[in-house]
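Novice: Sharing a structure, written as structure tokens. Questions coming.
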Amino acid sequence: MKTGALWVPIIGAVSIAIAASSRASAAADIDFKAVVNRTSATTTTQIELTLSLTHIHDIYHIPSPIIDLRELEVRDQRVNPIEIDEQGAIVNSWSYDLSARRAGRYQVGPARIELGGKVYETEAVTIEFVRGSRSATASGKKRSDPPDEKLEENLFIRAVPYPQRLYVGQQLTLEYDLCSRFQIRDVAWQKLPSFSGFWAKDLFVAERLDLHQEEIGHVQFLVWPLRRHALFPTSSGRHEIQPLTISAALPRDRGLQRRRSDLLGSSFSRRKQTVEIHSPGVTVEVLPLPLAGRPGIFNGAVGSYTISASAAPVTLPLGDPVTMRLEISGKGNIEAIAAPDLGEMLGFKVYKPKIDIHEESHDGLYVGTKSFEYILLPETSGNLVIPAVEYAFFDPLAAVYQTVRTEELRVEIWGEGPAIQSSRYQLTRQEIEELGEDIRHIKPDVTQLAGGDAYLHQKVWFWALQALMPLAYAGAMLFHRHRRRLQGDEAYARRRRARGEGRRRLRQAEVFREEGDCRAFCSEVQQLVLAFIADHLNRSASGLTAHERRELLALRGAPAGLLRATDQLLGRCDFARFSSVATGDAEMKELQAQAEETIVRLEEALR
Amino acid sequence: MRAGILWAALFSVLAAQAEGVAQAAAVGLFAEANQQYRDGAYEDARRKYLEVVGADVVDARLFYNLGNACFKSDRLGEAILWYERARLLSPRDEDIGANLRFASRIRKDRESGVGEDPVWRFLVGLYELPSPNEISVTFTFLLSALFAMGIRRLWSGRRKEGALWVSLLVAGAVLTTLTGLFGAMRIHQLETDTYAIVTAREATARTAPDAEETAVFVIHEGTRVRVDRSEGTWLLIRLSSGLWGWILAENATVV
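Order-wise, the sequence lines are chains U and H. Quick note on my numbering: the first sequence kicks off at 1 and runs consecutively. Quick note on my numbering: the second sequence kicks off at 1001 and runs consecutively.
Right, dumping it as structure tokens:
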């Protein structure tokens, strides 16, 4: 009896505990929430409120939820078909089409539902009705259309940077998602950010749109991931990333679909409108790497790394190469990792390493391995040590510098070989034989070396030569024109010839003068003056009378004094030619001077 | 006037004589340096070649031999610098190209993306095939030929030329224009694009021209970098991968 009396409270307590725990478990598995298809509408349109009850275990009886909607008009109220969500949970839902007579902000809910003696409540949702006109509806828009000015609230690109404050070289993950409440198509990249100031890598670029649903500010959206980038800033300061722009086609008669199934439906209006969508610009603050605690061997690596080294073979004859492989693995910008300083490799000649990179993204972070494969050529025999290699990096999460190191490696070299000259770049005979290549020999001695400016275009004479050619052509053209005129224009030709002819006759007259032949001299001077005038007037010298000569010269503007002087000169020549008294040398000289002066004056007058 | 001409002639003769003496001295030094190189005294040969360079000699053969002497003296950066300078003067010289490639293979830093695409490599090779001087000479020859054709036409006195003459004139004009444009492009590039070779064993590039600024990468001897600008004793350099940073000017020499 005593024992039975003892068991009753124990069993009761256990039952209560089990009931309580199952209830608690049931409570944890039940989710009751309220969402609206939009948060604002005109008084002529409606807002759809959906109350969803999500539960894992089957519930025998689910009552209708209780919600106070007295301030609003309930145009329609329905119980939606039961759905199974992606996690396999059961979803019961109730929808209400709400409208308002007066513009204003309204608080909807919280809605309540009682299950198994426990009351579940949604959060209150605030919606807004603005004054709307019927004309929009009449023009073909559905009653549930969102106002056009609210397009950006229903279709936008979300840019999510993480973290927003980071160190130089640390990875910044930047995600772009397209959030829409419309069906969209024909999405195309219009402008991609340049990521200036970053070492950029693509983690993900959408080739086709894969969507999921997401609740953003109590409103259900379709979300398409567009791009995801890993960015490594190369300098400190505030960095601004320009917006991303895409274009997309929307149905022209778009309306927020009344049901979620409609949103996911494939129907798409043939009448479509293409819009451009811009992401917001992103600003991040990049901190410089701290100077405090920076190891001397640090060469800019940021992230979290490990280092390992191996060598093969470890026993070899002198003259054979050893391959040493260094591997740096971890999180960070693997591609930017510089080769670690090997320090002094006593007894080895070290060749430039062969570099191999393997990298991948893991949970949005770049991870990978960079390997450096060195060929080491032992320069002496014996037990040689490849010293430990240290590598320093800055860990941005712990904000400290860390140094990792490899183990020392030992290599046994046996045998004798030719002495090898230790040099960093110059190749030894043995290395040249192994590589099968060396630099080519020097050029032989020369008899002349080029000097001065290296390039012709830097020399003045080069440009002078270029200018000379068009000048020469212009000269040739002028000369050609002159020659053609000489051939075609007799007056011009005679005029051009007159001076030369005059000079020739003057020289001939001088010869006569020196010979003392005064008649021939006077005749030559007379002919010279008459021919000069006739050539300038384009007349025959023999047929030109004195009267005609005076008249024509006067017409050409010769002054009266010049006419008199010409007449006087010709008269003196006539007199001397037929006079019985010979003209003296002094007089001939005077006549010659007078003739020269007259010719010059006539040339000026007839020009 | 006559005295002026006489003085000018005398001056020209003296200048030519002086140039001849300098030329003979440079040729002699060059031969001495070559002999030192053959004897294995590479450092001495390098110094001798540099003396010739100091005598205002600009010759691809001198630069090439100097590059060899630098290479053999374990100065990879300087060797690449002189090979690059030689290549600018004589782009089709096989020896220069071979030694430049060989020296570039030995240097530590590999230029990313350079010389990987065969089409791009072919196009760059085609672009750099003629030297600026060869383009200048070709342009001058074509221009002279064009003007000579024009003058010949004036002299011939023909009213109408034959189809062959017209074709030649048009082809000459097009060729001259293209050569002129190509030459202008090359000269512009030569005058504006500044490249340098890292001559120090290694140089640390920083985010700003200050030794206290953050190091962004390290470049090694022989690496060819583009110089964007300079500030004090610092050069803003850009690698072929697009990475940029400030290095001390003493660590690199402009080609």
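We treat Cβ as the ideally placed atom computed from N, Cα and C, and that holds for glycine.
#1: Kindly provide the ranges of any alpha helix (DSSP H) runs that are 4 or more residues long and lie completely inside the stretch 1033 to 1086 of chain H, ordered along the chain.
#2: Pick from H:1149, H:1220, H:1198 and H:1109: whose alpha carbon is nearest that of residue 1254 (chain H)?
#3: Which of the residues in the stretch 351 to 383 of chain U, read from start to end, lie with their CB under 9 angstroms from any CB of chain H?
#4: Counting along the chain, where does the beta strand (DSSP E) carrying residue 190 (chain U) start and finish?
#5: Taking residue 1062 (chain H) as the reference, give the member of H:1072, H:1048, H:1074 and H:1195 with the closest Cα.
#6: Please tell me whether residue 389 (chain U) and residue 342 (chain U) are closer than 8 angstroms, where the distance is taken between their beta carbons.
#7: Hey, is residue 587 (chain U)'s beta-carbon within less than 8 angstroms of any beta-carbon in chain H?
#8: For residue 534 (chain U), which residues from the same chain have a beta carbon less than 6 angstroms from its beta carbon, with the 5 sequence-adjacent residues on both sides left out?
#9: Based on Cα-Cα distance, which residue from U:209, U:233 and U:226 lies nearest to residue 199 (chain U)?
#10: Would you tell me roughly how many angstroms separate the C-alpha atoms of residue 1178 (chain H) and residue 1094 (chain H), rounded to the nearest one?
#11: If you count every other CB in all the chains shown that lies within 10 Å of the CB of residue 1251 (chain H), and 16 or more means buried, which is it?
#12: Strictly under 8 angstroms for the Cβ-Cβ distance: is residue 234 (chain U) near chain H by that measure?
#13: From the beta carbon of residue 1037 (chain H), is the nearest beta carbon of chain U less than 8 angstroms away?
#14: Would you please state the rounded distance, in angstroms, between the beta carbons of residue 97 (chain U) and residue 152 (chain U)? I believe it to be under 8 angstroms.
#15: Considering only residues of the stretch 324 to 354 of chain U, which uninterrupted beta strand (DSSP E) runs meet the minimum length of 3 residues and lie entirely inside it, listed in chain order?
#16: Near residue 1 (chain U), which residues of its chain fall below 7 angstroms by C-beta distance, leaving aside the five closest residues on each side in sequence?
#17: What's the C-alpha gap between residue 456 (chain U) and residue 599 (chain U)?
#18: Any chance the CB of residue 278 (chain U) is under 7 angstroms from a heavy atom of the ligand GDP?
#19: Ordered along the chain, which non-local residues of its own chain (more than five positions away) have a Cβ less than 6 angstroms from that of residue 243 (chain U)?
#20: Just the C-alpha distance for residue 407 (chain U) and residue 1108 (chain H), rounded to the nearest angstrom, thanks.
#21: Suppose the cutoff is 7 angstroms on Cβ atoms and the five residues either side in sequence are ignored; what does the same chain contact list for residue 316 (chain U) look like?
#22: Taking Cβ to Cβ, would you say residue 165 (chain U) is nearer than 8 angstroms to residue 86 (chain U)?
#23: Three or more C-beta pairs under 8 angstroms: does that hold for the stretch 323 to 330 of chain U against the stretch 361 to 376 of chain U?
#24: Does residue 300 (chain U) get closer than 8 angstroms to chain H when you measure Cβ to Cβ?
#25: Using a Cβ-Cβ cutoff of 8 angstroms, what residues of the stretch 1140 to 1153 of chain H are near chain U? List them in chain order.
#26: Taking 8 angstroms as the threshold (beta carbon to beta carbon), is residue 1189 (chain H) in contact with chain U?
#27: From residue 116 (chain U) to residue 91 (chain U), what does the alpha carbon distance come to, in whole angstroms?
#28: Would the stretch 503 to 514 of chain U count as touching the stretch 1180 to 1190 of chain H if we require 3 or more Cβ pairs under 8 angstroms?
#29: Exposed or buried, residue 1004 (chain H), counting other C-beta atoms within 10 Å across all chains shown (16 or more means buried)?
#30: Kindly list the residues whose CB is nearer than 8 angstroms to the CB of residue 268 (chain U), restricted to its own chain and excluding five residues on each side of it in sequence; keep chain order.
#31: Assign residue 1003 (chain H) to one of three DSSP states: helix, strand, or coil.
#32: Would you kindly report the start and end of the unbroken alpha helix (DSSP H) that includes residue 480 (chain U)?
#33: Determine, using beta carbons only, whether residue 1221 (chain H) and residue 1077 (chain H) come nearer to each other than 8 angstroms.
#34: Helix, strand or coil: how does DSSP classify residue 1144 (chain H) here?
#35: What would DSSP say about residue 61 (chain U), mapped onto helix, strand or coil?
#36: Quick one: does residue 1228 (chain H) have its CB under 8 angstroms from some CB of chain U?
Specialist: Short version:
#1: 1042 to 1054 and 1060 to 1072
#2: H:1198
#3: 351, 352, 353 and 355
#4: First-last of the beta strand (DSSP E) with residue 190 (chain U): 185 to 191.
#5: H:1048
#6: Taking the C-beta atoms as reference points, residue 342 (chain U) is found nearer than 8 angstroms to residue 389 (chain U).
#7: no
#8: Contacts found: 541 and 544.
#9: U:233
#10: The alpha-carbon of residue 1178 (chain H) is positioned some 27 angstroms away from that of residue 1094 (chain H).
#11: buried
#12: yes
#13: yes
#14: Between residue 97 (chain U) and residue 152 (chain U) the beta-carbon gap is near 25 angstroms, outside 8 angstroms, which marks them as no contact.
#15: 348 to 350
#16: Low confidence applies to residue 1 (chain U): its pLDDT is 39, below 50, so where it sits in the model is not reliable enough to give any reading.
#17: 53 angstroms
#18: Only the bare structure without any ligand can be found here, which leaves the ligand GDP out of the picture.
#19: 278, 279 and 281
#20: Residue 407 (chain U) and residue 1108 (chain H): Cα-Cα distance of roughly 24 angstroms.
#21: 322 and 413
#22: no
#23: yes
#24: yes
#25: 1140, 1143, 1144, 1147, 1150 and 1151
#26: no
#27: 17 angstroms
#28: no
#29: exposed
#30: Any reading at residue 268 (chain U) must be qualified, since the residue scores a pLDDT of 48, below 50, and its modelled position is unreliable; the value itself is stated next. Answer for residue 268 (chain U): 183, 185 and 251, listed in chain order.
#31: helix
#32: 460 to 488
#33: yes
#34: Residue 1144 (chain H) carries a helical assignment under DSSP once its states are collapsed to helix, strand and coil.
#35: coil
#36: no
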